[in-house]
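A.B. asks: According to the UniProt record's numbering, the sequence shown is numbered sequentially starting from 1. Virtual Cβ for every residue (Gly too), placed ideally from N, Cα, C. The following block contains the structure, expressed as structure tokens.
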Amino acid sequence: MDTENSSKIAGPQNKTKDLRNLFEDMPSVSTKGEGPNGKRIEGFLYKYGKGEQVRILCVCHGSFLTPAEFVKHAGGGDVANPLKHIVVSSSLN
């Protein structure tokens, strides 16, 4: 087998594996909007740690949202502490 071609084939597989590993290390989050039109939204914490601003990667749109935007996206309103309305789960393992 040609080494050059085999490395091209392995490249996308390695990228997929790297991406999967990245998501395995990211806690998943969810929230549910209020009322009958509220929907359950899922995402991943993008940044977490001391001194870093929290962003959530929304699964349905692939957008990065603040916790307040994430709660509103689910149909929730303006809340004083949006993190209290978001459930954090362990990684996908």
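Can you tell me whether residue 61 is buried or exposed, with buried defined as 16 or more other CB within 10 angstroms of its CB?
C.D. replies: Burial call: exposed.
A.B. asks: How long is the line joining the alpha carbons of residue 148 and residue 82, rounded to whole angstroms?
C.D. replies: The structure shown does not extend to residue 148, since the chain is modelled only from 1 to 93, so the question has no answer here.
A.B. asks: Among 70, 80, 77, which residue has its Cα nearest to the Cα of residue 87?
C.D. replies: The shortest C-alpha separation from residue 87 is found at 70.
A.B. asks: Assuming residue 44 and residue 29 are in contact, meaning their beta carbons sit under 8 angstroms apart, how far apart are those beta carbons, in whole angstroms?
C.D. replies: Confirmed, about 7 angstroms.
A.B. asks: Residue 47 bridges to which residues according to DSSP?
C.D. replies: Answer is 55, bridged to residue 47.
A.B. asks: According to DSSP, simplified to helix, strand and coil, what is residue 32?
C.D. replies: Of the three classes helix, strand and coil, the one that applies to residue 32 here is strand, per DSSP.
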